[in-house]
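Numbering (our numbering), first residue to last: 6 to 452.
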Ligand SMILES: *[C@@H]1O[C@H](CO)[C@@H](O)[C@H](O)[C@H]1NC(C)=O
Ligand SMILES: *[C@@H]1O[C@H](CO)[C@@H](O)[C@H](O)[C@H]1NC(C)=O
Ligand SMILES: *[C@@H]1O[C@H](CO)[C@@H](O)[C@H](O)[C@H]1NC(C)=O
Ligand SMILES: *[C@@H]1O[C@H](CO)[C@@H](O)[C@H](O)[C@H]1NC(C)=O
């Protein structure tokens with residue numbers, strides 16, 4: 006080989022020992038690069054040097070599982086509505102709004118679902134061997150020391166909040182008390198606070214300023230669309246250059262807030278707040294009845310123009326992600342020294358005929374009747390996931406964990422086929438996986 010044609014490889018060490026040393030140096034270099042890549046969430050997003058994603062329990066690995074029979078009780082039949090809690094393995098539930106509706110035991114003629122409906126457990130794929138077992142004491146500890154959860158979403162997220170109030174019981178108390186204030190408004194904040202008599206208190210490492218009477222561990226705010234109505238109208242005008250008489254919304258009721266409003270809640274300092282994780286979910290209210298400006302009666306077999314709602318949803322979630330990431334870029338983290346994180350939980354469609362089905366599916370089943378926007382919910386999820394997967398949104402994480410819910414037609418509230426009852430394992434699985442994800446998959450310490 007002539008000197009001019011020598012490749013770099015030709016200069017590599019000739020002796021065996023030198024080769025071993027060179028290899029060692031190269032591996033050390035790789036490890037150094039791995040450690041100094043900015044944040045592990047960046048690594049997760051880019052997939053760069055990421056042996057952890059393969060061995061850890063990603064949302065996909067978690068979702069890729071089955072429901073398995075796992076009885077939690079020896080009680081064979083329900084004789085009063087409160088037994089729903091025992092059957093699900095809860096000592097009680099702190100929240101009190103629509104108590105038995107959430108537990109699925111408010112219709113006596115449907116008590117025959119119990120205890121079976123509470124007797125299944127989600128078994129994720131074998132890649133999830135390292136999934137943290139759900140433990141309410143450790144969950145409370147993380148919510149105090151690493152930051153609480155702010156749940157932003159519609160009535161399905163309210164289902165999630167109620168379930169958390171049972172998981173964390175008896176360590177938490179809930180506000181408001183709906184027994185004392187029955188004339189509720191859906192936009193009222195609902196909170197879970199650590200109880201002053203919780204035996205955990207002496208062992209917790211409270212951030213400076215934490216106040217048991219005012220610092221919530223969990224808050225739910227009803228926000229159906231993630232952006233305010235005015236923002237969506239304006240975004241529609243800018244995107245489609247509407248005619249003057251165009252109206253996006255019908256008279257159908259919905260509740261929403263601008264991200265700036267709930268980010269202010271999220272980032273408020275102690276003692277008013279100590280949130281570490283913002284958990285959002287949306288899709289159920291993105292319909293052609295609420296957004297009647299998109300409705301097209303001629304498309305009866307195609308969701309009456311739902312494809313246009315989906316297109317607008319992509320535009321809107323991009324704006325949402327821009328606004329959220331801009332706020333996260335200047336976020337100073339929690340007093341406990343954690344980077345705050347934003348998690349998008351995939352939405353779930355309802356099931357047809359749900360009250361005649363009494364066991365989990367092995368595979369998701371499609372729709373005969375096209376109720377609401379159910380057949381398109383997975384499209385909304387996919388779009389939201391695609392939007393936030395961009396590496397510019399480094400603090401926003403999409404959790405595509407809707408599959409366990411898709412496989413549980415039996416787990417709905419007694420009065421409809423969209424809402425999910427507490428205790429069947431679906432809502433509890435969301436809390437379980439989100440907790441695992443934020444504490445194990447994206448360690449976010451900044452100081
Ligand atoms: C059911 O009863 C058996 C026998 O009494 C007992 O060993 C078991 O722990 C009980 N299971 C539950 C979930 O209570
Ligand atoms: C409950 O589940 C058991 C075990 O799968 C099954 O044998 C039984 O028929 C179920 N009961 C009802 C009421 O569906
Ligand atoms: C709500 O108020 C009622 C009536 O004062 C009381 O009995 C109940 O214990 C309260 N519920 C909770 C969860 O604190
Ligand atoms: C906690 O907040 C309550 C209600 O605002 C207040 O009365 C109390 O003094 C605060 N406790 C501490 C230790 O700051």
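Glycine included, every Cβ here is placed at the ideal spot set by N, Cα and C.
Note that this is a predicted model, so its numbers are computed, not measured.
Indicate whether residue 125 and residue 430 have their beta-carbon atoms separated by less than 7 Å. What you label residue 125 is simply residue 120 of the chain shown in a count that begins at 1. What you label residue 430 is simply residue 425 of the chain shown in a count that begins at 1. Contact: yes.
Alpha helix (DSSP H) segment containing residue 126, residue limits: Position 121 of the chain shown, counted from the first residue, corresponds to residue 126. Premise fails: residue 126 lies in the beta strand (DSSP E), 125-128, not in any alpha helix (DSSP H).
Which residues share a DSSP beta bridge with residue 442? Your numbering for residue 442 matches position 437 in the chain shown. Answer by DSSP bridge pairing: none, since residue 442 is not bridged.
Quick check on this structure: which residue in 422, 406 and 163 has the alpha carbon closest to the alpha carbon of residue 442? Taking the first residue of the chain shown as position 1, residue 442 is located at position 437. For residue 442, the nearest C-alpha among the options comes from 406.
Counting Cβ pairs closer than 8 Å, one from the region 213-231 and one from the region 246-257, do we hit at least three? Taking a contact to require three or more Cβ pairs closer than 8 Å, the region 213-231 and the region 246-257 do not qualify as touching.
Closer than 8 Å by C-beta to residue 404: which residues in its own chain qualify, once you throw out the five before and the five after it? Chain order, please. Taking the first residue of the chain shown as position 1, residue 404 is located at position 399. Closer than 8 Å at Cβ, skipping near neighbours: 64, 348, 349, 350, 351, 438, 439 and 442.
Touching by the beta-carbon criterion (3+ pairs, under 8 Å), the region 379-395 and the region 131-141: no
Rounded straight-line distance, which links the Cα of residue 211 to that of residue 150: Translated into the one-based positions of the chain shown, residue 150 becomes position 145. Translated into the one-based positions of the chain shown, residue 211 becomes position 206. One C-alpha to the other measures close to 6 Å.
Residue interval of the beta strand (DSSP E) (run including residue 72): For the purposes of this step, residue 72 is taken as the residue at position 67 of the chain shown. Residue range 71-74 is occupied by the beta strand (DSSP E) that includes residue 72.
Compute the beta-carbon to beta-carbon distance between residue 444 and residue 377, rounded to the nearest angstrom, for a pair I have assumed lies under 8 Å. If you number the chain shown from 1, residue 444 lands on position 439. If you number the chain shown from 1, residue 377 lands on position 372. That pair is no contact at about 35 Å.
If we count the other Cβ atoms within 10 Å of its Cβ and call it buried at 16 or more, is residue 123 buried or exposed? Here residue 123 is taken as the residue at index 118 of the chain shown, counted from 1. Per the 10 Å Cβ criterion, buried.
Below 6 Å, is the gap between the Cβ of residue 182 and the nearest heavy atom of ligand 3? Working through the chain shown from its first residue, we reach residue 182 at position 177. Yes, the Cβ of residue 182 comes within 6 Å of a heavy atom of ligand 3.
Name the DSSP beta bridge partners of residue 225, please? By 1-based counting over the chain shown, the position of residue 225 is 220. Beta-bridge pairing links residue 225 to 156 and 195.
Within the present structure, is the beta-carbon of residue 202 separated from the nearest heavy atom of ligand 3 by less than 6 Å? Residue 202 sits at position 197 when you count from the first residue of the chain shown. Flag unset: Cβ of residue 202 not near ligand 3.
Can you tell me whether residue 279 sits near ligand 4, meaning its C-beta is under 6 Å from at least one heavy atom of the ligand? Along the chain shown, read from residue 1 onward, the residue named residue 279 stands at position 274. Because no heavy atom of ligand 4 lies under 6 Å away, the Cβ of residue 279 does not count as near it: no.
Report yes or no: do three or more beta-carbon pairs, one from the region 277-288 and one from the region 335-342, lie closer than 8 Å? yes
Residues near residue 232 by beta carbon distance below 8 Å, same chain, minus five either side: Within the chain shown, the letter at position 227 stands for residue 232. Short of 8 Å from the beta carbon of residue 232, and not among the five residues preceding or following it, lie these beta carbons of its own chain, in chain order: 240, 261, 263, 264, 321, 324 and 325.
What residues does ligand 4 have around it, judged by CB closer than 5 Å to any heavy atom, in chain order? 216, 218 and 219
Pull up the distance between the alpha-carbon of residue 206 and that of residue 177, whole angstroms please. Residue mapping note: residue 206 aligns to position 201 of the chain shown, counting from 1. Residue mapping note: residue 177 aligns to position 172 of the chain shown, counting from 1. Taking the straight line from one Cα to the other gives about 12 Å.
DSSP three-state assignment for residue 425, whether helix, strand or coil: Looking up residue 425 in the chain shown gives position 420. Strand.
As assigned by DSSP and simplified to three states, the class of residue 434: If you number the chain shown from 1, residue 434 lands on position 429. Annotated three-state conformation of residue 434 is helix, per DSSP.
According to the neighbour-count rule (16 or more other Cβ atoms, all chains shown, within 10 Å of its Cβ), is residue 374 buried or exposed? Counting from one through the chain shown, the residue named residue 374 turns up at place 369. Residue 374 should be labelled exposed.
So what's residue 293 in DSSP terms, helix, strand or just coil? Working through the chain shown from its first residue, we reach residue 293 at position 288. It is coil, neither helix nor strand.
Determine the closest residue to residue 218 out of 200, 116, 109 and 408, with distance taken between C-alpha atoms. Your numbering for residue 218 matches position 213 in the chain shown. Of the candidates 200, 116, 109 and 408, the one whose C-alpha sits nearest the C-alpha of residue 218 is 200.
Under 6 Å from any heavy atom of ligand 2, does the C-beta of residue 454 make it? The structure shown has nothing for residue 454, since the chain only spans 6 to 452.
In whole angstroms, what separates the C-alpha of residue 102 from that of residue 72? As a working note, residue 102 is residue 97 in the chain shown. As a working note, residue 72 is residue 67 in the chain shown. Answer to the nearest angstrom: the Cα atoms are 29 Å apart.
Close-in-space but distant-in-sequence residues of the same chain around residue 228 (CB under 6 Å, 5 per side omitted): Position 223 of the chain shown, counting from 1, holds the residue named residue 228. Close CB contacts of residue 228 within its chain, under the 6 Å cut and outside five residues either way in sequence, are with 157, 261 and 262 (chain order).
Should residue 363 be listed as close to ligand 2, given that the test is whether its C-beta is under 6 Å from any heavy atom? Residue mapping note: residue 363 aligns to position 358 of the chain shown, counting from 1. Yes, Cβ of residue 363 sits closer than 6 Å to a heavy atom of ligand 2.
With residue 145 and residue 173 assumed to form a contact (beta carbons below 8 Å), what rounded beta-carbon distance in angstroms separates them? As a first step, residue 145 must be located in the chain shown, where it is residue number 140. As a first step, residue 173 must be located in the chain shown, where it is residue number 168. Rounded, the Cβ-Cβ distance is 6 Å, consistent with contact.
Considering only their Cβ atoms, is the gap separating residue 354 from residue 382 smaller than 7 Å? Position 377 of the chain shown, counting from 1, holds the residue named residue 382. Position 349 of the chain shown, counting from 1, holds the residue named residue 354. Yes; because the gap between Cβ atoms is below 7 Å, this pair is in contact.
Is the beta carbon of residue 400 sitting closer than 7 Å to the one on residue 346? Here residue 400 refers to the residue found at position 395 of the chain shown. Here residue 346 refers to the residue found at position 341 of the chain shown. Contact flag set, yes.
Is residue 121 near ligand 5, going by C-beta to nearest heavy atom under 6 Å? This structure simply doesn't include ligand 5; it includes ligand 1, ligand 2, ligand 3 and ligand 4 instead.
On the three-state DSSP scale, how would you describe residue 374? For the purposes of this step, residue 374 is taken as residue 369 along the chain shown, with counting starting at 1. Of the three classes helix, strand and coil, the one that applies to residue 374 here is coil, per DSSP.
Run of the alpha helix (DSSP H) containing residue 242, from where it starts to where it stops: By one-based count along the chain shown, residue 242 stands at place 237. Its alpha helix (DSSP H) spans residues 234-245.
For the region 184-192 and the region 108-118, state whether three or more C-beta atom pairs, one from each stretch, are separated by less than 8 Å. no
Taking only the alpha-carbon atoms, compute the straight-line gap between residue 74 and residue 117 and give it to the nearest angstrom. Residue numbering aside, residue 74 sits at position 69 when the chain shown is read from its first letter. Residue numbering aside, residue 117 sits at position 112 when the chain shown is read from its first letter. Their backbone Cα atoms lie some 17 Å apart in a straight line.
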